[in-house]
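Chains as they are written, first to last, in the working numbering: chain A, 952 to 1314; chain B, 3 to 198. We put the CB at the ideal spot given by N, CA and C, even for glycine. The next block holds one structure in the form of structure tokens; read it before the comments.
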């Protein structure tokens, strides 16, 4: 028998939460952040299949360890199940997905439609991204759309939410209630423009931000110092992106092949010197978390463990960022349990009831 | 947010699987193929302050000529003005004729030259040497824009959030549009002033 969890709608786990004053969404992530708790988010590796079980299984390993799950939108310009589809499945199961929207594949007509569709399915968080170029993915011959950019996308959704209007000015009957996020990469040039650029994103409507992988803590500290000086951390919840590196070889490959990820030499040296590189990669991630969680203005972490999703729970546990708090966990509800107790036998027992028997037992 | 990828990317596999041919086009994006070099564009960014000064004089001159444009008819002067504008701005900035010029807000670096046509700042993929993610040999348009804007008097205009591009204005003259708008703004400012 389970009690009602903290951020859960008593009428059903898939339903939006009660609106709270000062909140723009009816989701769990905004509540956690606004309560001042250290938030943990992660990324779901999107399946290349049409089987909903694949999504459920991949979400299940994060159960009880994360506050929200990013549903990526064809990351790296590779084809996968769409973020709208993943969100539809996750919201059904009560998870709090962060719907990523990349500007690469859809124009403003499709994006605004998806925002309404997502919000109607109960998506409370949306992350506005520019998206990788098509040359990086499995279909380099595709037409890059880039009709909006991440900034105008933020503004578009903010206008839809706050003014109840499409970009064209046409009215919405029910505006989407969403918590708006953006990505920020403090580790790519122009370094001195990046904190100012974040301010621009706040002006466009960003309420939370997730950063690119952080492997260079001093660089991140310098960025945070400048962001604090500009007053950004009071207006936006910043989640630092972290993740385990599988080996020194992968780290080197990422450094030279994936634009925007900065890995210092010291990190590679540390991995090379280790006996078990995979374990060392995980330990490195935990060490980085322990350093960044102390930086003022960091509201949480975003754990990206691509193809190492099973480590997310361990990383979160061993770094102790949750401080004993347990994020919402999918559990069997009380009414489901009662039904299961009373009727479970019909799944196993071979009973053939005749109608005469049924009449007798009914009396 | 980008992620780690397996050692051999899908893009490599797709490229390898393509049918072999003797004709090997340069390995750049189609957008780069229409332009030859960006030396002049980089010169313009280095001299953004001079160009800013020049443009403000130029815009004033165009506004002075507003009665002339109106007399001939904006619709009629559009073709010749666009002809000149396309060539001048094409030479100086690799202009793409989006029809809604924001050069003075982007450090004289045309944002339409960005392979993602970002008008509000760099993406997260800028290489450590300041080059573009999509075009490894091209300096990032926004790294240059930030440099250019630091030289300009009104360089902080780079902080304003730009609206998405109105694609229906492509291949029209931004000079005439700005002039007509400035003239209209001047008239509305004068009318209540005169009656008061």
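task: Step through the CB atoms of chain A and report whether any lies within less than 8 Å of the CB of residue 250 of chain B.
output: As displayed, chain B neither begins before 3 nor continues past 198, which places residue 250 of chain B out of reach and without an answer.
message: residue 1019 of chain A and residue 1039 of chain A - do their beta-carbons sit closer together than 8 Å?
response: Indexing the first chain from 1 puts residue 1039 of chain A at position 88. Indexing the first chain from 1 puts residue 1019 of chain A at position 68. The answer is no: Cβ separation not under 8 Å.
query: How close, in whole Å, do the beta carbons of residue 126 of chain B and residue 1208 of chain A come, if the pair is a contact with beta carbons under 8 Å?
result: Looking up residue 126 of chain B in the second chain gives position 124. Looking up residue 1208 of chain A in the first chain gives position 257. The beta-carbon distance between residue 126 of chain B and residue 1208 of chain A, rounded to whole angstroms, is 15 Å. This is too long to meet the 8 Å contact definition.
- request: Show which residues of chain A have a CB atom less than 7 Å away from the CB atom of residue 119 of chain B.
  value: Translated into positions along the second chain, residue 119 of chain B becomes position 117. In chain order: 1097.
- prompt: Going by the beta-carbon positions, is the gap between residue 80 of chain B and residue 170 of chain B smaller than 8 Å?
  reply: The residue labelled residue 80 of chain B in the question sits at position 78 within the second chain. The residue labelled residue 170 of chain B in the question sits at position 168 within the second chain. No, they are not a contact pair.
task: Reducing DSSP to helix, strand and coil, say where residue 118 of chain B ends up.
output: Residue mapping note: residue 118 of chain B aligns to position 116 of the second chain, counting from 1. It is coil, neither helix nor strand.
- prompt: Would residue 192 of chain B be called buried (16 or more neighbouring beta carbons within 10 Å of its own) or exposed?
  reply: Working through the second chain from its first residue, we reach residue 192 of chain B at position 190. Classification of residue 192 of chain B: exposed, given that the 10 Å Cβ count is below 16.
Listed by chain order, chain A residues near residue 122 of chain B by CB distance under 7 Å: Numbered from its first residue, the second chain carries residue 122 of chain B at position 120. Within 7 Å Cβ-Cβ: 1100, 1102, 1103 and 1151.
message: Alpha carbons only, please: which of A:1307, A:1276 and A:1293 is nearest the one belonging to residue 989 of chain A?
response: Along the first chain, read from residue 1 onward, the residue named residue 989 of chain A stands at position 38. Minimum Cα distance to residue 989 of chain A is reached at A:1276.
- prompt: From which residue to which residue does the beta strand (DSSP E) around residue 1077 of chain A run?
  reply: The residue given as residue 1077 of chain A occupies position 126 in the first chain. Residue 1077 of chain A -> beta strand (DSSP E) spans 1076–1080.
- prompt: Does DSSP put residue 133 of chain B in a helix, a strand or coil?
  reply: Along the second chain, read from residue 1 onward, the residue named residue 133 of chain B stands at position 131. Correct three-state label for residue 133 of chain B: strand.
query: residue 1167 of chain A CB to nearest chain B CB: under 8 Å?
result: Here the question's residue 1167 of chain A lines up with position 216 in the first chain. No - not a single Cβ of chain B is within 8 Å of the one on residue 1167 of chain A.
query: Cβ of residue 21 of chain B less than 8 Å from any chain A Cβ?
result: Indexing the second chain from 1 puts residue 21 of chain B at position 19. Cβ-Cβ to chain A under 8 Å: no for residue 21 of chain B.
task: Return the CA-CA distance between residue 23 of chain B and residue 15 of chain B, expressed in angstroms with no decimal places.
output: Here the question's residue 23 of chain B lines up with position 21 in the second chain. Here the question's residue 15 of chain B lines up with position 13 in the second chain. If I take the Cα positions, the gap works out to 17 Å.
query: First and last residue of the beta strand (DSSP E) that includes residue 993 of chain A?
result: On the first chain, position 42 is the one that residue 993 of chain A refers to. Residue 993 of chain A: member of the beta strand (DSSP E) spanning 990–995, first to last residue.
query: When DSSP labels each residue in this structure, what does residue 1141 of chain A get in the three-state scheme?
result: Here residue 1141 of chain A refers to the residue found at position 190 when the first chain is read from its first residue. Judged by DSSP in its simplified three-state form, residue 1141 of chain A adopts coil rather than helix or strand.
message: Please give me, in chain order, every unbroken run of the alpha helix (DSSP H) with length at least 4 that falls completely inside the stretch 1045–1091 of chain A.
response: Entirely contained in the stretch 1045–1091 of chain A, the alpha helix (DSSP H) runs reaching 4 residues are, in chain order, 1059–1071.
query: Quick one, which of A:975, A:971 and A:1059 has its alpha-carbon nearest residue 1156 of chain A's?
result: To locate residue 1156 of chain A, count along the first chain from 1; it is residue 205. Comparing Cα positions, the closest option is A:975.
- request: Using a Cβ-Cβ cut-off of less than 9 Å, list which residues of the stretch 1121–1143 of chain A approach chain B; keep chain order.
  value: 1134, 1135, 1136, 1138, 1139, 1140, 1141 and 1143
- request: Within its chain, find whatever has a CB closer than 8 Å to the CB of residue 1198 of chain A; leave out the 5 residues flanking it on each side and keep chain order.
  value: One-based indexing of the first chain puts residue 1198 of chain A at position 247. Closer than 8 Å at Cβ, skipping near neighbours: 1222, 1228, 1229 and 1232.
- request: For residue 71 of chain B, I'd like the list of residues in its chain whose CB is within less than 6 Å of its CB, leaving aside the five on either flank, ordered along the chain.
  value: As a working note, residue 71 of chain B is residue 69 in the second chain. Contacts found: 79.
message: I want to know whether the stretch 136–152 of chain B touches the stretch 104–123 of chain B - three or more CB-CB distances under 8 Å.
response: yes
query: At a Cβ threshold of 8 Å, is residue 1113 of chain A touching chain B?
result: The sequence position of residue 1113 of chain A within the first chain is 162, counting from 1. Not an interface residue.
- request: Reducing DSSP to helix, strand and coil, say where residue 1133 of chain A ends up.
  value: As a position in the first chain, residue 1133 of chain A is number 182, starting the count at 1. Strand, per DSSP.
task: Go to residue 1191 of chain A, then tell me how far its beta strand (DSSP E) extends in each direction, as first and last residue.
output: Here residue 1191 of chain A corresponds to residue number 240 of the first chain, with the count starting at 1. From DSSP, the beta strand (DSSP E) with residue 1191 of chain A extends over 1188–1193.
message: Any beta carbon from chain A within less than 8 Å of residue 165 of chain B's own beta carbon?
response: Locating residue 165 of chain B in the second chain gives position 163, counting from the first residue. For residue 165 of chain B, the answer is yes, since a Cβ of chain A falls inside 8 Å of its Cβ.
query: Between residue 1251 of chain A and residue 1188 of chain A, which are expected to be in contact by the criterion C-beta below 8 Å, what is the C-beta distance as a whole number of angstroms?
result: As a working note, residue 1251 of chain A is residue 300 in the first chain. As a working note, residue 1188 of chain A is residue 237 in the first chain. That pair is a contact at about 7 Å.
query: Can the beta-carbon of residue 1167 of chain A be found closer than 8 Å to that of residue 1138 of chain A?
result: In the first chain, the residue the question calls residue 1167 of chain A occupies position 216. In the first chain, the residue the question calls residue 1138 of chain A occupies position 187. It is a contact, given that the beta carbons lie within the stated cut-off.
query: How would you list, in chain order, the residues of chain A whose beta-carbon sits under 9 Å from the beta-carbon of residue 129 of chain B?
result: By 1-based counting over the second chain, the position of residue 129 of chain B is 127. Within 9 Å Cβ-Cβ: 1139, 1140, 1210 and 1211.
query: What residue does the beta strand (DSSP E) around residue 1202 of chain A start on, and which one ends it?
result: Mapped onto the first chain, residue 1202 of chain A falls at position 251. Where residue 1202 of chain A is concerned, there is no enclosing beta strand (DSSP E), although the alpha helix (DSSP H) it sits in stretches over 1199–1208.
task: Confirm, please, whether the CB-CB distance from residue 1128 of chain A to residue 1112 of chain A is below 8 Å.
output: Mapped onto the first chain, residue 1112 of chain A falls at position 161. Mapped onto the first chain, residue 1128 of chain A falls at position 177. The criterion of a C-beta distance shorter than 8 Å is satisfied by residue 1112 of chain A and residue 1128 of chain A.
task: Measuring only between beta-carbons, confirm whether residue 136 of chain B sits less than 8 Å from chain A.
output: Looking up residue 136 of chain B in the second chain gives position 134. Closer than 8 Å: yes.
query: So which of A:1015, A:1060 and A:994 has the shortest CA-CA distance to residue 1037 of chain A?
result: For the purposes of this step, residue 1037 of chain A is taken as the residue at position 86 of the first chain. The residue with the shortest Cα to Cα distance from residue 1037 of chain A is A:994.
- request: List the whole-angstrom C-beta distance separating residue 50 of chain B from residue 150 of chain B, where the pair is believed to meet the contact cut-off of C-beta under 8 Å.
  value: Reading the second chain from its first residue, position 48 is the one you call residue 50 of chain B. Reading the second chain from its first residue, position 148 is the one you call residue 150 of chain B. Taking the Cβ atoms as the reference, residue 50 of chain B lies roughly 4 Å from residue 150 of chain B, within the contact range of under 8 Å.
task: Identify, in the order they occur along the chain, each residue of the same chain with its Cβ nearer than 7 Å to the Cβ of residue 1068 of chain A, setting aside the five sequence neighbours on each side.
output: Against the first chain, residue 1068 of chain A aligns to sequence position 117. Within the same chain, residue 1068 of chain A has close Cβ partners 1035.
field: Extent of the continuous beta strand (DSSP E) run through residue 1162 of chain A
entry: Within the first chain, the letter at position 211 stands for residue 1162 of chain A. It spans 1159–1164 - the beta strand (DSSP E) in which residue 1162 of chain A sits, taken as one unbroken run.
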